[in-house]
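Q: Position in the sequence shown (first residue = 1) + 35 = my numbering.
All residues carry an ideal CB built from backbone N, CA and C; glycine is no exception.
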Amino acid sequence: MTRKICVVIGSRANYSSIKSAMRAIAAHPRLELQVVVGASALLDRYGQVVNLIESDGFKPAARVHMLIEGETPATMAKSTGLGLLELPGVFEVLKPDVVLTVGDRFETMATALAAAYMNIPIAHTMGGEVSGTIDESIRHAVTKFAHVHFPASPGARERIIRLGERPDDVHLVGCPRIDLVAELLAGDGAAPDGKIFDMGVGDRLDLAQPFLLVSQHPVTTEYGAGEAQIMATLQAVHDVGLPAVVLWPNADAGSEDIARGIRKWRERGLARRMHFFKNLAVDAYVRLMARTACLVGNSSSGIREGAYIGTPVVNIGTRQIGRERGENVVDAPHERVAVADAVRAQIARGRRPADPIYGDGKAGQRIADILAEKSVPVQKRITY
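(1) I need the straight-line Cα distance from E200 to H184, nearest angstrom please.
(2) If the criterion is Cβ atoms closer than 8 Å, does the pair T255 and I169 meet it?
(3) Output the distance between the C-alpha atoms of K54 and I351, rounded to the nearest integer angstrom.
(4) Give me whichever residues DSSP pairs with R38 in a beta bridge.
(5) Can you find the residues in the same chain that come closer than 7 Å, C-beta to C-beta, to A150, ignoring five residues on each side of it along the sequence?
(6) Exposed or buried, what is V84 when buried is set at 16 or more other beta-carbons lying within 10 Å of its beta-carbon?
(7) Whose C-alpha, out of L77, K94 and S90, is nearest the C-alpha of Q69?
(8) Please go through the stretch 145-230 and give each complete alpha helix (DSSP H) segment of 4 or more residues, from N-terminal end onward.
(9) Let me check one thing: in DSSP terms, what residues is A97 bridge-paired to?
(10) For the candidate residues E104, E171, T136 and S52, whose alpha-carbon lies nearest to that of I40?
(11) My guess is that R308 and P278 are in contact by the Cβ rule of under 8 Å, so how many angstroms apart are they, rounded?
(12) Using 10 angstroms around the beta-carbon of R174, count the other beta-carbons present and answer buried if the total reaches 16, otherwise exposed.
(13) Please identify the residue among I196, S188 and H369 whose C-alpha is closest to the C-alpha of Y343.
(14) Per DSSP, which residues does S51 bridge with? Please list them.
(15) Could you check where the alpha helix (DSSP H) with G296 kicks off and where it finishes?
(16) Would N49 and G138 be called neighbours here (beta carbons separated by less than 8 Å)?
(17) Going straight from the alpha carbon of L220 to that of S336, what length do you get?
(18) Starting from M309, follow the beta strand (DSSP E) in both directions and report where the run begins and ends.
(19) For D366, list the residues DSSP reports as bridge partners.
(20) Along the chain, where does the beta strand (DSSP E) that runs through G332 open and close?
(21) Strictly by DSSP, which residues pair up with I135?
(22) Should S410 be labelled buried (16 or more other beta-carbon atoms within 10 Å of its own) or exposed?
(23) When the distance is taken between beta carbons, is L122 closer than 8 Å to A96?
(24) Under a three-way DSSP split, which group does A279 fall into?
(25) Smallest Cα separation from G237: which of G261, K313 and K179?
(26) Can you round the beta-carbon distance between H310 and N285 to whole angstroms, since I take them to be within the 8 Å contact cut?
(27) Spell out a yes or no on whether the stretch 54-64 and the stretch 398-415 are touching, meaning 3 or more CB-CB pairs, one atom from each, closer than 8 Å.
(28) Would DSSP call I392 helix, strand or coil?
(29) If I measure Cβ to Cβ from D233 and keep anything under 7 Å in the same chain, skipping five residues before and after, which residues do I get?
(30) Find out if the Cβ-Cβ distance for the pair Y419, G209 is shorter than 8 Å.
(31) Could you give the residue range of the alpha helix (DSSP H) that holds V378?
(32) Nearest by alpha-carbon distance to F141: which of R212, E291, I44 and C329 is it?
(33) What residue does the beta strand (DSSP E) around V254 start on, and which one ends it?
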C-alpha cells in the first residue's frame, strides 16, 4: 500500500528547500506525492513559483490563496490564520498519510497547525536551527508539532533532541537544497546562462566577468527599517563598482519596504549595470551563486548553499544571527561603508573550499526512504 505524502509549498524558498525530496518521493514505489501550492508561490508579484513547479513536472493537487497583501506584521498573522482556514479543506479532500512541511515561514505554521488538529502525522525539514526574527520561534514551535524530524546539520539535530523529541524520530539527512547544488556542480560546471536576462528588468550583464549577487529580505523584528536597509546595500554595491544581479524580497512583513527602496533606486536612474528579478529557477540561482564574485544580503542561501559551493558571502544584519556557517561568510551591519569594505575584502580573498555543513547532496532520497519505511503514529511521544 502506498503512503500519501503531502508537501505544502508557499514560496520560492520553500520550493528550493524541498524539490529534491519531492522528486525522490514521486519516484519511490511505496510513496505517492501530493503537492499543494499557496501563498506567494501563486502570485505574479513574487514570480509565480507555481509555474516553475509545473515546468519541473509536478502537478499541484490544490492551490490555496492565503496571502493577505500589505506585508505588515498584522497581515502576516492574518495570512497564517487564512491558511489555517483553507488548508483543512484541502487535507480533507487529499487525505494524506503524512504532511511534509518545510522550514520556518508563516505558511509552515498554518500547515503544521492544520495537520496536527486533523490527526495527520507531520514531518518537518530544517528544524533545530538558530537564526534571528520570528522565523526561529516558528521553527521551534513546528518542531513541537512534528512527529518526524529531518534536520540538516548535527547541531540542529542535537537542539531538536534537547527540545524533548525522541532521538529515534530525529533523522540527520542534510538539506535538500544542497542536493540541487551537488547535481549542478557535478553536471555542467554550473556555468550561468545569459539567456536569463530575457526575464526581469534592467541591463544585460556579461556573466563571464565579475558580478555581485544581491538577495536581501525583510527582518520581521525590525519592521519599518527595510527601505533604509536595502538602500544602504545598493549604495554599497554601487560603491564597489561591479555589476549586480538583484533579487526581489520574499513575502514577509516589511517586503514592501524593500521593494519600495528598489523601485526608488531604479527611478532615480541609479541602476546602471544592474538587473532585477522577481524570481529565478533554482538551477539558475545556483549557477549564479557558483559564478558570482560575492553574494550580498541576508538570505540563508549564502550560508547553506554558499558553504557547499564556496561562494564568498557578506551577510548583512541580524536575519541569520546564530545560524551555523562556514568560512565563506563574513558579517556586516546595515551600513554603506561597512558593507562595501566587507564585499571588497571577500572579493580579494576569493572562493573558499567546499564545506558540507548542511549535507552531502543526498538528503532528498534519505527523506523519501525514511517516509516509506518509518511507522509514524499520530500520538506524539517526547522525552523529559
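A: Put simply:
(1) Position 165 of the sequence shown holds residue 200. Position 149 of the sequence shown holds residue 184. Each residue's alpha carbon lies about 9 Å from the other.
(2) Counting from 1 along the sequence shown, the entry for residue 255 is found at position 220. Counting from 1 along the sequence shown, the entry for residue 169 is found at position 134. Yes, they are a contact pair.
(3) By one-based count along the sequence shown, residue 54 stands at place 19. By one-based count along the sequence shown, residue 351 stands at place 316. When rounded, the distance between both Cα atoms is 27 Å.
(4) Here residue 38 is taken as the residue at index 3 of the sequence shown, counted from 1. Per DSSP, L66.
(5) Here residue 150 refers to the residue found at position 115 when the sequence shown is read from its first residue. The answer, listed in chain order, is F126, V134 and I157.
(6) Position 49 of the sequence shown, counted from the first residue, corresponds to residue 84. Counting C-beta atoms within 10 angstroms of its own C-beta, V84 has 16 or more neighbours from the protein chains shown and is therefore classed as buried.
(7) The residue given as residue 69 occupies position 34 in the sequence shown. Among L77, K94 and S90, the Cα nearest to that of Q69 belongs to K94.
(8) 168-180, 189-197 and 211-223
(9) Locating residue 97 in the sequence shown gives position 62, where the first residue counts as 1. Looking at the DSSP assignment, A97 forms a beta bridge with V71.
(10) The residue given as residue 40 occupies position 5 in the sequence shown. Looking at E104, E171, T136 and S52, the one whose alpha-carbon comes closest to that of I40 is T136.
(11) Walking along the sequence shown from the start, residue 308 turns up at place 273. Walking along the sequence shown from the start, residue 278 turns up at place 243. Contact between R308 and P278 holds, with the beta-carbon distance rounding to 4 Å and staying under 8 Å.
(12) One-based indexing of the sequence shown puts residue 174 at position 139. Buried is the call here.
(13) Mapped onto the sequence shown, residue 343 falls at position 308. Ranking I196, S188 and H369 by Cα distance to Y343 puts S188 first.
(14) Taking the sequence shown and counting its residues from 1, one reaches residue 51 at position 16. Paired residues: none, contrary to the question.
(15) Position 261 of the sequence shown, counting from 1, holds the residue named residue 296. Residues S290 to E302.
(16) On the sequence shown, position 14 is the one that residue 49 refers to. On the sequence shown, position 103 is the one that residue 138 refers to. Going by C-beta atoms, N49 is nearer than 8 Å to G138.
(17) Mapped onto the sequence shown, residue 220 falls at position 185. Mapped onto the sequence shown, residue 336 falls at position 301. One C-alpha to the other measures close to 16 Å.
(18) Here residue 309 refers to the residue found at position 274 when the sequence shown is read from its first residue. Start and end: M309 to F312.
(19) For the purposes of this step, residue 366 is taken as the residue at position 331 of the sequence shown. N350.
(20) On the sequence shown, position 297 is the one that residue 332 refers to. Counting along the chain, the beta strand (DSSP E) containing G332 begins and ends at C329 to G332.
(21) The residue labelled residue 135 in the question sits at position 100 within the sequence shown. Contrary to the premise, residue 135 reads as Leu rather than Ile in this sequence. Bridge partners of L135: V42 and A158.
(22) To locate residue 410, count along the sequence shown from 1; it is residue 375. Result: exposed.
(23) As a first step, residue 96 must be located in the sequence shown, where it is residue number 61. As a first step, residue 122 must be located in the sequence shown, where it is residue number 87. No; because the gap between Cβ atoms is not below 8 Å, this pair is not in contact.
(24) Taking the sequence shown and counting its residues from 1, one reaches residue 279 at position 244. Looking at A279 - three-state DSSP - the assignment turns out to be strand.
(25) In the sequence shown, residue 237 corresponds to position 202, counting from 1. That would be K313, whose Cα lies nearest to the Cα of G237.
(26) Position 275 of the sequence shown, counting from 1, holds the residue named residue 310. Position 250 of the sequence shown, counting from 1, holds the residue named residue 285. No, H310 and N285 are not in contact; Cβ-Cβ is about 19 Å, not under 8 Å.
(27) yes
(28) For the purposes of this step, residue 392 is taken as the residue at position 357 of the sequence shown. Three-state result, I392: coil.
(29) Here residue 233 corresponds to residue number 198 of the sequence shown, with the count starting at 1. So the list is empty, once near-sequence residues are dropped.
(30) Here residue 419 is taken as the residue at index 384 of the sequence shown, counted from 1. Here residue 209 is taken as the residue at index 174 of the sequence shown, counted from 1. With contacts defined by Cβ atoms closer than 8 Å, Y419 and G209 do not form a contacting pair.
(31) Taking the sequence shown and counting its residues from 1, one reaches residue 378 at position 343. Start and end: R371 to R384.
(32) Indexing the sequence shown from 1 puts residue 141 at position 106. Out of R212, E291, I44 and C329, I44 has the C-alpha closest to the C-alpha of F141.
(33) Locating residue 254 in the sequence shown gives position 219, where the first residue counts as 1. Looking at the DSSP string, V254 is not in any beta strand (DSSP E), and its letter there is neither H nor E.
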